[in-house]
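Since the structure comes first, as structure tokens, the remarks are kept for the end.
Numbering (the numbering used here), first residue to last: -10 to 119.
What follows is the structure, given as structure tokens:
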């Protein structure tokens, strides 16, 4: 197996010598010529989409109960109350998230950041030279 010129790059640039087989000093492949790659100091506001289905199991339980009881709502009162309770919890969490998003407060230990939170961090620690 023959070694490429790239493997000898550090040896030739350190000692200033050329290889004995007549090859020239290797060149760095594909130099990047373009704008500097850095974040801007502002992030565009995007809405986060809900990935999982909310109250899906409760809804399926209610529908199966209604199917078994020939769509008699009186027999499935427990499932209806579970579904309403789940929806109320979901709406409460959505209101809290929207309030946090409006305020832009940073939550410690959060795995994701909203665009407002990212903008706050970028204002505190701006990118140099952008």
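The beta-carbon is built from N, C-alpha and C at its ideal position, and this holds for glycine as well.
- Here the region 103 to 113 lies against the region 84 to 93, with 3 or more beta-carbon pairs under 8 Å apart.
- Here the C-alpha atom of residue 54 lies approximately 37 Å from the C-alpha atom of residue 88.
- In the three-state reduction of the DSSP assignment, residue 112 falls in the helix class.
- The Cβ neighbour count for residue 72, taken over all protein chains shown within 10 Å, is at least 16; the residue is labelled buried.
- Residue 65 and residue 76 have their C-alpha atoms spaced approximately 17 Å apart.
- Cβ-Cβ separation between residue 68 and residue 51: approximately 4 Å, consistent with a contact (criterion under 8 Å).
- Residue 117 places its beta carbon 8 Å or farther from that of residue 30.
- Collapsing the DSSP output to three states places residue 86 in a helix.
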